[in-house]
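Structure record follows, encoded as structure tokens.
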Amino acid sequence: MDYAEGEPQFRRLTTPRSAAVAGVLFAVLFAASLVLLRSAIPDDPFAQIAWVNGGRTRIGAALVLAPMAAIAFLWFIGVMRDVLGDFEDRFFASVFFGSGLLFVAMTAVSMGIAGAILTITEIPGVASNGLIYFGRSLMLQISNVWGVRLAAVFMISLATIWIRTGLMPRWTAVITYLVAALLIVVVSLSLWVTLVFPAWVGAVSLMVLFTRPGPHRGAVGHRGP
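In terms of the numbering used here, the sequence shown opens at residue 9 and continues consecutively.
This is how it looks when you write it as structure tokens:
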């Protein structure tokens, strides 16, 4: 007996190219969050506690934008994995996926510390210059020493996948390597260098949005290096 007519029809899910907008959204939200936060933090680590009250509005706005940026970044990771498709290498994909998740985690922790600094200053008799100094240092260590370098690992792993599979032009991978090296080396010298990462994510997302072939991912693998 033929049950073909009564059987449910299944379709394979495909990611629309418009999903790449998530990377652009992350770039805008995360860059805005960084600018607001960095502009509120004084260069002098031993600055008096008054800087917290002076930058309270900017820090609060950064705390609102950061979670939305993190969500958009998770969507960006999904878009990149969809682009890789059947060409995804287990080793490099594990590094790519793991470093991306750890970057989000480090961003969440550092922003949580920033929120704790705001809360402490609202409690009379608790806030002190030493406590604020500790919180500021911990926040910057997590975001700049760990978070940014994990972002660099994320970029390096993705660029390596591009070179091995030819999914993106070779010059894109070379630029990605250079930007990742910049984040690893120069970030200790300037807090503003971290803006390079959201700019890179935005640029890659635009390339995927405007140059990626349709849902037939097999065609992507034949793109020249």
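Where is the CB? At the ideal position from N, CA and C, for every residue including glycine.
Residues of the same chain with a CB within less than 6 Å of the CB of A28, apart from the 5 flanking positions on each side, are V87, S213, V216 and L217 in chain order. Assigned with DSSP and collapsed to three states, V91 falls in helix. Contact holds between the stretch 156-164 and the stretch 180-199, because three or more Cβ pairs, one in each stretch, are under 8 Å apart. The stretch 141-150 makes no contact with the stretch 178-185, as fewer than three CB pairs between them are under 8 Å. In the structure shown, P206 adopts helical secondary structure according to DSSP, grouped into three states. Per the C-alpha coordinates, the member of F34, W170, V112 and V36 positioned closest to D97 is W170. For I164, the enclosing alpha helix (DSSP H) stretches over residues V156 to T173. In the structure shown, Q56 adopts coil according to DSSP, grouped into three states.
Annotation: D94 to R64 spans about 47 Å, alpha carbon to alpha carbon.
One thing to note: I67 has its Cβ within 9 Å of the Cβ of A48.
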